[in-house]
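For reference, the structure is listed below as structure tokens.
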């Protein structure tokens, strides 16, 4: 079986994508994941070109890593307080004396 997709650019040109996969549910899921990765890589490159960035400099990569660490710390603080940034606060049990 073959999965295909087509990316249409703003200038009217298009880029086809094709992935071969097995005729099973698992094969289809793997094929979709591969197709998603290929399309994502091309879209990322297009976004970087549009921003005028060829690639991140070494200093930019380090600061990007620091930002991720800060976000992880914030999430840990929320989870320790029973608050999740992904949804409502955790349920509290009543304590009866």
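In full-length UniProt numbering, the protein residues as written are 1 to 97.
Yeah, the Cβ is synthetic: ideal placement off N, Cα and C, and Gly gets one too.
*Report whether the distance from the Cβ of residue 32 to the nearest heavy atom of the ligand FAD is below 6 Å.*
The ligand FAD is absent from the structure shown, which contains no ligand whatsoever.
*Where does residue 96 sit, in a helix, a strand or coil, going by DSSP?*
Coil at residue 96, not helix or strand.
*Straight-line CA distance for residue 101 to residue 52?*
The displayed coordinates of the chain run from 1 to 97. Any statement about residue 101 would go beyond what the structure contains.
*If we call anything under 7 Å between Cβ atoms a contact, is residue 17 one with residue 5?*
yes
*residue 105: which of 21, 14, 93 and 23 sits nearest, CA to CA?*
Summary: the structure shown does not reach residue 105, with the chain confined to residues 1 through 97, and so no result is reported for it.
*What does residue 15 pair with, by DSSP beta-bridge criteria?*
7
_Contact check, residue 21 vs residue 37, beta carbons under 7 Å_ = no
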